[in-house]
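*Asks:* The structure follows.
Chains as they are written, first to last, in full-length UniProt numbering: chain A, 1 to 255; chain U, 1 to 256.
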């Protein structure tokens, strides 16, 4: 208990220091406001954005597409990972393509998607799905490869069917890796949506970044970045809570 | 007769396209209720014998019979246990014990009843809702034995189930296993590299040669207290049996 108190205390202290530095350092160092706005400048701008730029709508839109892209992308990634994990043949056949797609910078697809689907929400959703897909796929596939063979043999000796082995042994064995993949994916989902909104569209926090940038409104850009971070942070924390529940059977030191 | 190997050989394909003979012309029988150990140098095909009995793979030549039926695949007659307890970490102990019954058309209530019964036999009453990580190594192996007994197999195959345990736990667990198995009247095949363990626990010991493994000796252990290795351990004859095994495995020559 003492230790958790100590970490919380120190953590809060650091936050306070950063906020203080943000408020007073720029003016002390004579950095102009349009380069680095102070904390209070940003707060004033935040209020203005809320009143005049319908900030709430932008936040909700970004949050919605982050979650939507995350759910669709990780579902596809997990399903694909499990299917490939069950067939060594297809895994070997497809692995170079998977690797290539994994290496290709997914955000670079955004302009293409806009050419194909126009200035609507489809491109940002697709970029997000694509960017979320791979870490989940790769983690699941890796876990499927390393399922304890003796456990599978035990299940076989107990007359479990192929499907039974999957649901009762392989799938639960891979849960820790799946959860780790989802955590990575949740942080990437925000990037996908942001890039989609930056490149095209007129809604979302990513749009506010490019809009604010065009107007040399650094405070607006700052606020949008902070809000994006908050969205990603909340998603991550929710996943962490779910993971704690799901993986309750692991001794604490292991995860 | 519970188990019979008739002229069984098994070879595996190696990576460079050749083949490796693991077990060569092995024949033996195990009578019902008998406890037989298989000892031999490492890599002599002990585990291959076990896997063929479990039906995980087929012999290249010869036949394996369980209850006079040829083994053609994994079947309900055989329960096996390894050095690893193979408990599913995401299941509570009682759910782990039920695992083997789930694909055998045993109803939920009956499953629970049988699991609880074996739990008690293996001295784990009160631990049914614990998860594997909360149990000690010895308790986990007892849970694995309970799972094995729950499917009511005709033969229990033990592949070095005590080798990962510390000396004291090992002794206690051997004792507890021996008693439980004797009470259940199960035919047992124990694979081990621990010569003393073989003498303490078995009615009969089969000695395998180096690869390709073949039976070079069969020793009948004519001592009482098969169900209590701790008692048997105090008998002077145990050392003689161990010496015999020592000679068959030519350990002295190898040490020289």
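All residues carry an ideal CB built from backbone N, CA and C; glycine is no exception.
Note that the structure is predicted; figures quoted are calculated from it, not measured.
(1) So with Cβ pairs under 8 Å, would you call residue 80/U a contact of chain A?
(2) Determine the DSSP secondary structure at residue 222/A, reduced to helix, strand or coil.
(3) From the DSSP output, which residues share a beta bridge with residue 168/U?
(4) At a Cβ threshold of 8 Å, is residue 172/A touching chain U?
(5) Answer yes or no: does any C-beta atom of chain U fall closer than 8 Å to that of residue 162/A?
(6) Is it a yes or a no for the stretch 141–161 of chain U touching the stretch 177–190 of chain U, going by three-plus beta-carbon pairs under 8 Å?
(7) For chain U, is any of its Cβ atoms less than 8 Å away from the one on residue 251/A?
(8) Using the beta-carbon of each residue, which ones in chain A are nearer than 7 Å to residue 10/U?
(9) Confirm the yes/no value for this check: CB of residue 212/A, any heavy atom of the ligand FAD, distance under 7 Å.
(10) Can you pull the chain A neighbours of residue 84/U, defined as C-beta to C-beta under 9 Å?
(11) Against residue 159/A, what residues of chain U qualify as contacts under a CB-to-CB distance less than 8 Å, listed in chain order?
(12) To the nearest angstrom, how far is it from the Cα of residue 30/A to the Cα of residue 46/A?
(13) With H, G and I counted as helix, E and B as strand and the rest as coil, what does DSSP make of residue 249/U?
(14) Quick check on residue 100/U - is its C-beta less than 8 Å from some C-beta in chain A?
(15) Quick check: the Cα distance between residue 205/U and residue 249/U, rounded to an integer number of angstroms?
(16) State yes or no: is the C-beta of residue 196/U within less than 8 Å of the C-beta of residue 83/U?
(17) Check residue 10/U in the structure and name its three-state DSSP category.
(18) Which residue comes first and which comes last in the alpha helix (DSSP H) that contains residue 185/A?
(19) Looking at the unbroken beta strand (DSSP E) that takes in residue 118/A, where does it start and where does it end?
(20) Take the Cβ of residue 214/A as the centre, count every other Cβ of all protein chains shown within 10 Å, and call the residue buried at 16 or more, exposed below.
(21) DSSP three-state call for residue 9/A: helix, strand or coil?
(22) The stretch 210–231 of chain A: which residues have C-beta closer than 9 Å to a C-beta of chain U, in chain order?
(23) Taking C-beta to C-beta, are residue 41/A and residue 219/A nearer than 8 Å?
(24) Take the Cβ of residue 6/A as the centre, count every other Cβ of all protein chains shown within 10 Å, and call the residue buried at 16 or more, exposed below.
(25) Quick check on the DSSP output: the alpha helix (DSSP H) that includes residue 61/U runs from which residue to which?
*Replies:* Considering the structure as presented:
(1) yes
(2) helix
(3) In DSSP, residue 168/U forms no bridge with anything.
(4) yes
(5) no
(6) yes
(7) yes
(8) Residues of chain A passing the Cβ test: none, with the nearest at roughly 16 Å.
(9) Within the structure as shown, the ligand FAD is missing, as the structure has no ligands at all.
(10) 148, 150, 151
(11) 74, 75, 76, 103, 104
(12) 23 Å
(13) coil
(14) yes
(15) 13 Å
(16) no
(17) strand
(18) 171–199
(19) Note, residue 118/A: premise wrong, no beta strand (DSSP E); not H, not E.
(20) exposed
(21) helix
(22) none
(23) yes
(24) exposed
(25) Unbroken run through residue 61/U is the beta strand (DSSP E), 61–66; no alpha helix (DSSP H).
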